[in-house]
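S.K.: Under my numbering, think of the first position of the sequence shown as 2, with each following residue one higher. Below: one structure in structure tokens.
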Amino acid sequence: MRYTPRWHVVILLAAAILPLWAAQEPSGRTRKSSPGRPGLDPASRMTMRAIDAYWLTLKFELKAPNAKLTELRPKFQQAWTGRKKALDAARASGNFTSLPQSVGKANATLEASLKKSLGETQFNKLKETAERTSMLRHRGPGRGERGKGR
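Encoded structure:
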């Protein structure tokens with residue numbers, strides 16, 4: 002006659018029930034969409050970064066003089082405030098569909114100001130450099146260099 006301790010039975014029952022219970026329980030590791038900008042396509046995300054890209058490009062890539070940066074700072078501040086208001090309104094309403102258009106207006110105002118302050122040729126150089134460096138900076142993992150394939 003063979004004796005089976007009760008705790009073996011308890012362990013077997015727990016081993017059978019635990020996976021069923023865990024499957025029912027929501028995991029704390031579930032991935033949620035980005036709280037600030039759920040569902041935005043890559044072009045819309047680039048629109049959100051335009052103000053940052055222009056400032057960084059002016060400051061570090063094109064090495065604009067401090068006098069020019071001081072002159073342009075209020076224009077960047079106005080665009081930044083416009084973007085912040087659009088983001089706050091979208092977060093409050095939960096509707097992010099009109100966010101790219103709202104931010105696009107702030108970007109268009111900034112671009113018009115930059116074009117007026119810098120001139121057509123310098124503005125085009127700024128825009129081209131900002132787009133190139135921004136695309137390289139925000140490519141994401143695993144993409145490798147352009148033209149090299151996967």
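All C-beta atoms, glycine included, are put in the ideal place defined by N, C-alpha and C.
Exposed or buried, A24, counting other C-beta atoms within 10 Å across all chains shown (16 or more means buried)?
M.R.: Counting from 1 along the sequence shown, the entry for residue 24 is found at position 23. It counts as exposed.
S.K.: Quick check on F97: does DSSP put it in helix, strand or coil?
M.R.: Residue mapping note: residue 97 aligns to position 96 of the sequence shown, counting from 1. Coil, per DSSP.
S.K.: Could you tell me if W56 is buried or exposed, where buried requires 16 or more neighbouring beta carbons within 10 angstroms of its beta carbon?
M.R.: Walking along the sequence shown from the start, residue 56 turns up at place 55. By the neighbour-count rule (16 or more Cβ atoms within 10 Å), W56 is buried.
S.K.: Around the C-beta of F61, are 16 or more other C-beta atoms found within 10 angstroms, so that it is buried, or is it exposed?
M.R.: Here residue 61 refers to the residue found at position 60 of the sequence shown. Its Cβ having fewer than 16 others within 10 Å, F61 is exposed.
S.K.: Out of curiosity, what's the CA-to-CA distance linking Q102 and L88?
M.R.: Indexing the sequence shown from 1 puts residue 102 at position 101. Indexing the sequence shown from 1 puts residue 88 at position 87. So the two alpha carbons sit approximately 11 Å from each other.
S.K.: Quick check: does the Cβ of Q102 come within less than 6 Å of any heavy atom belonging to the ligand GTP?
M.R.: Although the ligand GTP was asked about, the structure shown includes no ligands whatsoever.
S.K.: Alpha carbon to alpha carbon, how far is P20 from S1? Give it in angstroms, no decimals.
M.R.: As shown, the chain starts at 2 and ends at 151. That puts residue 1 outside it, with no answer to give.
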